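J.: Okay, here's the structure, questions in a sec.
2 protein chains.
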Amino acid sequence: MTNEIKEKLAKNKSLSLTERERFIAMFKAMGNPIRYEMMEHMLKYPGCNTANIVDHLPIAQATVSQHLKVLKEAELVIGEIEGPATCYCLIDENVKWFKETVQKIF
Amino acid sequence: MTNEIKEKLAKNKSLSLTERERFIAMFKAMGNPIRYEMMEHMLKYPGCNTANIVDHLPIAQATVSQHLKVLKEAELVIGEIEGPATCYCLIDENVKWFKETVQKIF
DNA sequence: AACATTTATCGTATATTTACGATATATATA
DNA sequence: TATATATATCGTAAATATACGATAAATGTT
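Protein chains in written order, with the numbering used here: chain H, 60 to 165; chain W, 60 to 165.
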């Protein structure tokens, strides 16, 4: 999708551009089997670190890190540095917002 | 993502494989600005036809048709042939299931 | 039957995503 | 300070997604 098209779409919406984009980014982020699995894993094991997640998944550490970045950029997840490791959690407030918005929109 | 990886993931889930895949496909389908817009449009104008949707969007008819196919494959939308046109609606039952599943999972 | 209208599909170019190994960065420990 | 450990980033190859024009298919109309 070109920027031109994105600009054309960014007019007259019920959500503000920022919220709308974030909402769509959340859908996109969770619309991948690996990232969906990561979300479930963090739900089950809040505060798990990257190594835990890597062990749980059939892909390389570098790829896990890339997927984590997508989830972070969608503001679904936050990583807190704890010593040499990073602990990951869902951002409960934003997951709640997503759930509420899903209910509200559809 | 390779098929090998998809197979590795398809084990020991809370949702059945079919439901899990459908749930993720729904996220993916709605995780695109054009398709999200289409969903909102159909919500607002149930039974609108392809021409309506094309008029509402800044992309070619062929591309709209492709996006509609993705939404249909995710079982979010159904098209009913009505004369030479096709009328599109959200599949309320499945949207409801999606909403319920979002509440249940997260 | 011929034609007009509407939508889907085909072929294809380009952009984006996904995956990996290699390497950089950052912190804890010896 | 040197080393080990954990995670992020870089470069890149391959797969997938997105967009388009051209054209096929399906239906209504003359």
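Just so it is clear, CB atoms sit at the ideal spot from N, CA and C, and this is done for glycine as well. Note that the structure is predicted; figures quoted are calculated from it, not measured.
1. Among W:G106, W:V161, W:C146 and W:F157, which residue has its Cα nearest to the Cα of W:E134?
2. DSSP three-state label for W:Y104, please.
3. So, for W:M101: in the same chain, excluding its five sequence neighbours on each side, which residues have a beta-carbon less than 7 Å away from its beta-carbon?
4. Tell me where the beta strand (DSSP E) around H:L149 begins and ends.
5. Between the segment 74-92 of chain H and chain W, which residues of the former have a C-beta closer than 9 Å to a C-beta of the latter?
6. Along chain W, which residues have their Cβ under 9 Å away from the Cβ of H:L102?
7. In chain order, what are the residue ranges of uninterrupted alpha helix (DSSP H) at least 4 long that sit wholly in the segment 78-104 of chain W?
8. Once DSSP output is grouped into helix, strand and coil, what is the label at W:I118?
9. Pick helix, strand or coil for W:M134, following the three-state DSSP scheme.
10. By a C-beta neighbour count over all protein chains shown, 10 Å radius and 16 as the cutoff for buried, is H:I83 buried or exposed?
11. I need the straight-line Cα distance from H:G142 to H:A110, nearest angstrom please.
12. Tell me whether the beta-carbon of H:L130 lies closer than 8 Å to the beta-carbon of H:R79.
13. Going by DSSP, which residues form a beta bridge with W:E141?
14. Thinking C-alpha only, which one of H:K155, H:D151, H:A144 and H:N153 is nearest H:V113?
T.: Let me lay it out:
1. Position 75 of the second sequence, counted from the start, is the residue given in the question as residue 134 of chain W. Cα-wise, what sits closest to W:E134 is W:F157.
2. Indexing the second sequence from 1 puts residue 104 of chain W at position 45. In the structure shown, W:Y104 sits in coil (DSSP, three-state: anything other than H, G, I, E or B).
3. The residue you call residue 101 of chain W lines up with position 42 of the second sequence. Here the set comprises C107, V136, Y147, C148 and L149.
4. For the purposes of this step, residue 149 of chain H is taken as residue 90 along the first sequence, with counting starting at 1. A144 to L149 is the span of the beta strand (DSSP E), which, as asked, contains H:L149.
5. R79, E80, F82, I83, A84, M85, F86, K87, A88, M89, G90, N91 and P92
6. The residue you call residue 102 of chain H lines up with position 43 of the first sequence. Neighbourhood of H:L102 in chain W, by CB distance below 9 Å: I164 and F165, in chain order.
7. 92-103
8. Translated into the one-based positions of the second sequence, residue 118 of chain W becomes position 59. Looking at W:I118 - three-state DSSP - the assignment turns out to be coil, as it is neither helix nor strand.
9. Locating residue 134 of chain W in the second sequence gives position 75, where the first residue counts as 1. The sequence shown places Glu at residue 134 of chain W, not Met. It is coil, neither helix nor strand.
10. By 1-based counting over the first sequence, the position of residue 83 of chain H is 24. By the neighbour-count definition (other C-beta atoms within 10 Å, threshold 16), H:I83 is a buried residue.
11. Within the first sequence, numbered from 1, the residue matching residue 142 of chain H stands at position 83. Within the first sequence, numbered from 1, the residue matching residue 110 of chain H stands at position 51. So the two alpha carbons sit approximately 13 Å from each other.
12. Reading the first sequence from its first residue, position 71 is the one you call residue 130 of chain H. Reading the first sequence from its first residue, position 20 is the one you call residue 79 of chain H. No, these two residues do not count as a Cβ contact at 8 Å.
13. Within the second sequence, residue 141 of chain W is the residue found at index 82, counting from 1. W:A144, per the DSSP bridge assignment.
14. As a working note, residue 113 of chain H is residue 54 in the first sequence. It is H:A144 whose Cα lies nearest to the Cα of H:V113.
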